[in-house]
Each structure stands twice: as C-alpha cells, then as structure tokens.
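Peer 1: Pasting a structure below so you can have a look.
2 protein chains.
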Amino acid sequence: MAETGSQTGSQTPRERYRAQVRTEIKKHAWEQIATAGASALSLNAIAKQLGMSGPALYRYFDSRDELITALIRDAYQSLADTFRATARSGADPVALAHALRRWALEDPQRYLLVYGTPVPGYHAPEGITAIAAEIMATLLDACATLPANPAPTPFDPHLDAHRTWADGHPAPPAVLHRALTFWTRLHGVLSLELAGHFTGMGFDPALLYTAELDALLTH
Amino acid sequence: MAETGSQTGSQTPRERYRAQVRTEIKKHAWEQIATAGASALSLNAIAKQLGMSGPALYRYFDSRDELITALIRDAYQSLADTFRATARSGADPVALAHALRRWALEDPQRYLLVYGTPVPGYHAPEGITAIAAEIMATLLDACATLPANPAPTPFDPHLDAHRTWADGHPAPPAVLHRALTFWTRLHGVLSLELAGHFTGMGFDPALLYTAELDALLTH
DNA sequence: GAGCTCTCGTGATAGGTTCTAACTAAATCT
DNA sequence: AGATTTAGTTAGAACCTATCACGAGAGCTC
Numbered sequence: 078m079a080e081t082g083s084q085t086g087s088q089t090p091r092e093r094y095r096a097q098v099r100t101e102i103k104k105h106a107w108e109q110i111a112t113a114g115a116s117a118l119s120l121n122a123i124a125k126q127l128g129m130s131g132p133a134l135y136r137y138f139d140s141r142d143e144l145i146t147a148l149i150r151d152a153y154q155s156l157a158d159t160f161r162a163t164a165r166s167g168a169d170p171v172a173l174a175h176a177l178r179r180w181a182l183e184d185p186q187r188y189l190l191v192y193g194t195p196v197p198g199y200h201a202p203e204g205i206t207a208i209a210a211e212i213m214a215t216l217l218d219a220c221a222t223l224p225a226n227p228a229p230t231p232f233d234p235h236l237d238a239h240r241t242w243a244d245g246h247p248a249p250p251a252v253l254h255r256a257l258t259f260w261t262r263l264h265g266v267l268s269l270e271l272a273g274h275f276t277g278m279g280f281d282p283a284l285l286y287t288a289e290l291d292a293l294l295t296h
Numbered sequence: 078m079a080e081t082g083s084q085t086g087s088q089t090p091r092e093r094y095r096a097q098v099r100t101e102i103k104k105h106a107w108e109q110i111a112t113a114g115a116s117a118l119s120l121n122a123i124a125k126q127l128g129m130s131g132p133a134l135y136r137y138f139d140s141r142d143e144l145i146t147a148l149i150r151d152a153y154q155s156l157a158d159t160f161r162a163t164a165r166s167g168a169d170p171v172a173l174a175h176a177l178r179r180w181a182l183e184d185p186q187r188y189l190l191v192y193g194t195p196v197p198g199y200h201a202p203e204g205i206t207a208i209a210a211e212i213m214a215t216l217l218d219a220c221a222t223l224p225a226n227p228a229p230t231p232f233d234p235h236l237d238a239h240r241t242w243a244d245g246h247p248a249p250p251a252v253l254h255r256a257l258t259f260w261t262r263l264h265g266v267l268s269l270e271l272a273g274h275f276t277g278m279g280f281d282p283a284l285l286y287t288a289e290l291d292a293l294l295t296h
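These protein sequences, in sequence, are chains E and X.
Residues in the first sequence are numbered from 78 upward in steps of one, following the numbering used here.
Residues in the second sequence are numbered from 78 upward in steps of one, following the numbering used here.
Structure representation (structure tokens):
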C-alpha cells in the first residue's frame, strides 16, 4: 500500500504531504477496484471521497493510466514482499504456493490486475519487470531446494538455451522447468477460481490447488 | 460471429434485417476489442462506423453490457464449435489442446474475454453456462479415451463425490481429474502467454505448452 | 520575520462516453 | 389503402478524462 521501494526517509514536509495524499488516493482506488473492477475506476469519484474536486488529482497522477500503473506496481511489490517474507523462513515451494493463494484470495482483483487481462498495447515500465524478476528469483531459489527427481523432458534443452529470464541463476534446466510449471499450473487453477469459472461446478478449488501442488512436487 | 444457436430459419424480412445489423454491430465490436480491449469498446464509435448516429444501436442491444454479454456468448459458442469439430475426427485430447491454442492465438482478446478478468459482480446468464457445460463434456469424452494410467490421488474421492459439473458423464474420478488439470494447466500457460507475461523471458511459449501437454498424457 | 516562489486546489471548459425521451419517416401488416 | 409497428433521428441529462488559468496559501530564502 505504501510507496514501497521508493526512498521514504528524510523528505521535505511538502514531499511528505504529497506522498500521503498519493497513498490515500491509491487506498480509495483499491476499494473501487475491489468492488467494481479496474475498468470502473473513476478519478472523479476518488476526488469526491477525498473531499476535493475533480482535476486536483492530476497534481498527483498524470493520468488515469498512470494511477493504474502505480497500482499494478504496488500489487507486484506486495506479492514480491510476501514471497520474500515467506522465503525468509525456509525456501519452501509449498509455503510459497500457499502464500500465493492467500495473497490472491485476500484481494482477487489485485491478483487479476497483475495477471489478468491486459490492455492490448500495454507495456510494463522498467520498474515492474524488475519486481517480476525478483519474484522469479525467489521461486527459482525455492525450487532449487527440492530433491532433483523430476524426469528430464524434451523441453529442458530449449529451456537451458534460453535462460535469460533466470538472470544468471545457476539452476539446472530441470529446476527452471519446475519453476515455470509451478508458476503456470498454480496460476491456471487460481485464475480460473478467481474469475469464478469453478462456481457451480461443485468441487472445492482449494483441494484442486493442493492436488496440483502435490503433483508438482512428486513428479 | 453469426447468431449461432438461435433459430435462423424462416424469419420475416424485418427479423432478417435486424439479425444482420446485429451481427454487423458485433463485427465492428470485435475489431475494436482486438485492437483496444473490451474496456475501450464504444457504442458511439461503432455507430459512426455503421454510418448511423449514436442511440440507434439501442434498438439492437439494450445496453453496452448486453452487447458484451452477447460477444462473450458468441466467443464461448465459437470455442464449443471448434471443440466439437475437432472431436468429430477422433476424440483426441492432443488435437483438442492444439485446437484450443490455435483458437486462442487467432484472437487473444476473444480468449481473454471468456477466461480473463471478469467484472466483480458479473454473473453469466443461463445460455452461457450451458455452452460451458458442452465444452466440458467434449473434454471429458476425449479424456475418457486415454489409457487409464494416471495414478489415483487423494483428490479423486472428493471429485467423485462432487461431480455435478460432469452432468451425468460416467467417467471415473481419475478421468474427471485429468480433464480438470487438462483445462487448468493449458489455461495456465495460455493465459500467461496471451497476457504477455512471457515476453522477454526468452523461451518459446509453444514448447512450454506442448511440454505441459506431454506431461498431462504421460503421468 | 518579510518577501519571493512554488505548489496545491479551484472553477471553467472541451470533448468523450452511456443512455433516455420525443419525434419523424418508412416499412410492414391487416 | 389505412393502421400499426419499427428504425433512425436530434436533443439532452449525467457521467467521465483531461487541460487551462487563476487565486490562495504553504514553505523556502535572505
């Protein structure tokens, strides 16, 4: 929620006030997004909630898109922080998976803002890709601690030859593959659950999630 | 694209004209969605493209949301048709998987309109859930033809006890589980690819997709 | 502390959107 | 042919994003 990642120490009073208003704007923005989705986010409505009128918000965010980008960045950072905090007490993929699900269910629209439908032309700014890389690194670390029992696949050589995303991580290709499937499979269950595609089907999404997690660890 | 599913035979000229304008509206709507996303869809812009002005569209769709709902329904139906056509020449999960990916890459925003971020309050109308059930049935049929080698999991009994989504399909729980993971895993890779989360990572998403498909069949 | 400067918030305005309402004109049905 | 239904129009209300010019005040400098 707070301006995590930017320098918060020793600011002028004006900068402090500015930062506080910015986070207040974002707080109300998250409330709107949680209840009506990101597409319904209205700067005007936020301004009214803050007791100021319309164009004042443009002192704090250049545009609606810039506000949304800031929200995406904060959401990413929140996930990265959650991952880092979880990994601090033992780099365990299982703990990471459950932390991911908790984080997602805590605010489904926040998860979907990060991993859901993007605007076709949208390109994430530099700061965001860096956070994504950190999340990937934490996941790789955790997967590297697992006993190396996954059978080699025809995909592994290609993955070994294209490991720019691993960013120098010394994991063998089998671990890279495991980290990737860890991501895609959990996201597969989670995103369908959050989007409501399991409602009315009867089964418990949490059990499917843990079943996928089990399969990830034992195969 | 066409009004698949509704009765198209023997209409009055007025009904015919009405149906034709409706599909023309939807055609332009899809173009807008493909280039700017569903949130940027503008009834005004569509009307101008059709040479008529603004509120005329409300003769054909009660609201913007109703138009989008119709688009979602058509997209679902298009996927169901693709699945049915693929299954007609042998109920093969591999063929189904490749048909799914082709269909998704053909129009990423169409896939994301169905499986992407929904509006929080949105509830799919009856007609749509019926199509989803048909897609599920086709998938279950295909998975039932596979050699029954998947090892039983602790999730299987729960799935056997909550099989309302299978809608009377006589598949054993292992097949239900396989169909479910088939769906979630392929969606996991596909949705992340379409949302652009693999861009810049280096590897080929198509190979990851087939790798997941392989894992689905051999384990 | 006095004065300068910079910034915050304002109202006005332009141009966009969805959607309703009243009216006209044309096509269809009886 | 006459009555009725329907398509499309313009006008307008209520939103929205975003820009501009202005006034008031907070903060920095001397």
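Cβ coordinates follow ideal geometry from the N, Cα and C atoms, glycine included.
(1) Considering just the uninterrupted stretch of the alpha helix (DSSP H) at residue 95 of chain X, what are its terminal residues?
(2) For residue 288 of chain X, would you say it is in contact with chain E, using Cβ-to-Cβ distances shorter than 7 Å as the test?
(3) Give the straight-line distance between the Cα atoms of residue 79 of chain E and residue 267 of chain E, rounded to the nearest whole angstrom.
(4) Distance, Cα to Cα, residue 297 of chain X vs residue 108 of chain E?
(5) Under a CB-based cut-off of 7 Å, is residue 141 of chain X close to chain E?
(6) Kindly indicate if chain X contains any beta-carbon less than 7 Å away from that of residue 295 of chain E.
(7) Secondary structure at residue 213 of chain E, three-state DSSP: helix, strand or coil?
(8) Does any residue of chain X bring its CB to less than 7 Å from the CB of residue 147 of chain E?
(9) From this set, E:152, E:172 and E:236, which residue's C-alpha is nearest residue 204 of chain E's C-alpha?
(10) Can you name the residues of chain X whose CB is closer than 8 Å to the CB of residue 119 of chain E?
(11) Please compile the residues from chain X whose C-beta is within a distance smaller than 7 Å of the C-beta of residue 138 of chain E.
(12) Contact criterion: CB-CB distance below 7 Å. Does residue 150 of chain E meet it with respect to chain X?
(13) In chain E, what lies closer than 9 Å to residue 230 of chain X by C-beta?
(14) Assuming the contact rule is C-beta atoms closer than 8 Å, residue 148 of chain X and residue 106 of chain X should be a hit. Round their C-beta distance to whole Å, please.
(15) On the three-state DSSP scale, how would you describe residue 246 of chain E?
(16) Restricting to runs no shorter than 4 residues, where is the alpha helix (DSSP H) found entirely within the stretch 182-242 of chain E?
(17) Take the Cβ of residue 297 of chain E as the centre, count every other Cβ of all protein chains shown within 10 Å, and call the residue buried at 16 or more, exposed below.
(18) Our contact map puts residue 240 of chain E next to residue 257 of chain E with C-beta atoms below 8 Å; I'd like the distance itself, whole angstroms only.
(19) Helix, strand or coil for residue 274 of chain E per DSSP?
(20) From residue 285 of chain X to residue 264 of chain X, what does the alpha carbon distance come to, in whole angstroms?
(21) Is any beta-carbon of chain X found at less than 7 Å from that of residue 116 of chain E?
(22) Reducing DSSP to helix, strand and coil, say where residue 264 of chain X ends up.
(23) Ordered along the chain, which non-local residues of its own chain (more than five positions away) have a Cβ less than 8 Å from that of residue 283 of chain X?
(24) Comparing alpha-carbon positions, which option in X:132, X:223, X:137 and X:124 lies nearest residue 172 of chain X?
(25) Would residue 107 of chain X count as contacting chain E if we go by Cβ distances under 7 Å?
(26) Ignore the nearest five residues each way along the sequence and tell me which others in residue 163 of chain E's own chain have a CB closer than 6 Å to its CB.
(27) At a CB-CB cut-off below 9 Å, which residues of chain E make contact with residue 113 of chain X?
(28) Would the beta-carbon of residue 248 of chain E fall within 7 Å of that of residue 221 of chain E?
(29) Which residues of the stretch 250-274 of chain X have a Cβ closer than 8 Å to any Cβ of chain E? Give them in chain order.
(30) Using a beta-carbon distance below 7 Å, is residue 180 of chain E in contact with chain X?
(31) Given residue 233 of chain X, which residues of its chain have a CB within under 7 Å of its CB, disregarding the five upstream and five downstream residues?
(32) Which residues bound the alpha helix (DSSP H) around residue 155 of chain X?
(33) How many Å lie between residue 294 of chain X and residue 278 of chain X at the Cα?
(34) How many angstroms separate the CA atom of residue 208 of chain E from the CA atom of residue 158 of chain E?
(35) Which of helix, strand or coil does DSSP assign to residue 279 of chain X?
(36) Does the distance from the C-beta atom of residue 137 of chain E to that of residue 102 of chain E stay below 7 Å?
Peer 2: In brief:
(1) Membership of residue 95 of chain X in the alpha helix (DSSP H) is indicated by the continuous run 90-113.
(2) Residue 288 of chain X counts as touching chain E.
(3) Confidence at residue 79 of chain E is low in this model, with a pLDDT of 37, below 50, so its placement is unreliable and no value can be given for it.
(4) Outside the modelled stretch of chain X, which goes from 78 to 296, sits residue 297 of chain X, for which no answer is possible.
(5) Chain E, which has no Cβ nearer than 7 Å to the Cβ of residue 141 of chain X, makes this no.
(6) Not an interface residue.
(7) When secondary structure is reduced to three states using DSSP, residue 213 of chain E falls in the helix class.
(8) It does not: the Cβ of residue 147 of chain E has no partner Cβ on chain X nearer than 7 Å.
(9) Answer by Cα proximity: E:152.
(10) Close to residue 119 of chain E, with beta-carbon spacing below 8 Å, lies no residue of chain X; the smallest spacing is near 13 Å.
(11) Correct list: empty, because the minimum Cβ distance to chain X is about 18 Å.
(12) Not an interface residue.
(13) Residues of chain E passing the Cβ test: 288, 291 and 292.
(14) Going by Cβ atoms, the distance from residue 148 of chain X to residue 106 of chain X rounds to 6 Å, so yes, they are a contact pair.
(15) Residue state for residue 246 of chain E is assigned as coil, using DSSP reduced to three classes.
(16) If we require 4 residues or more, the alpha helix (DSSP H) runs fully inside the stretch 182-242 of chain E come out as 185-192, 203-221 and 232-238.
(17) Examination of residue 297 of chain E is not possible in this model, given that chain E is present from 78 through 296 alone.
(18) About 11 Å separates the Cβ atoms of residue 240 of chain E and residue 257 of chain E, ruling out a contact at the 8 Å cut-off.
(19) In the three-state reduction of the DSSP assignment, residue 274 of chain E falls in the coil class, being assigned neither a helical nor a strand state.
(20) Near 12 Å, if we compare the C-alpha coordinates of residue 264 of chain X and residue 285 of chain X.
(21) Yes, because at least one Cβ of chain X sits closer than 7 Å to the Cβ of residue 116 of chain E.
(22) Note: residue 264 of chain X maps to helix in three-state DSSP.
(23) So the qualifying residues of the chain are 178.
(24) Taking the Cα of residue 172 of chain X as reference, the smallest distance to any Cα among X:132, X:223, X:137 and X:124 is reached at X:223.
(25) No, because no Cβ of chain E sits closer than 7 Å to the Cβ of residue 107 of chain X.
(26) Counting only residues of its own chain and dropping the five nearest sequence neighbours on each side, residue 163 of chain E has a CB closer than 6 Å to the CB of 172, 173 and 176.
(27) Identification of chain E residues near residue 113 of chain X by a Cβ-Cβ cut-off of 9 Å yields 196, 197 and 198, ordered along the chain.
(28) Result yes, Cβ atoms of residue 248 of chain E and residue 221 of chain E sit closer than 7 Å.
(29) Per Cβ criterion, the list reads 254, 257, 258, 260, 261, 262, 263, 264, 265, 266, 268, 269, 272, 273 and 274.
(30) The beta carbon of residue 180 of chain E does not come within 7 Å of any beta carbon belonging to chain X, so the residue lies off that interface.
(31) Excluding residues within five positions, the ones whose Cβ falls inside 7 Å are 250, 251 and 254.
(32) For residue 155 of chain X, the enclosing alpha helix (DSSP H) covers residues 141-165.
(33) A direct Cα-Cα distance of roughly 26 Å separates residue 294 of chain X from residue 278 of chain X.
(34) So the alpha carbons of these two residues sit roughly 10 Å apart.
(35) Residue 279 of chain X falls in the coil class under three-state DSSP.
(36) A contact, by the Cβ cut-off of 7 Å.
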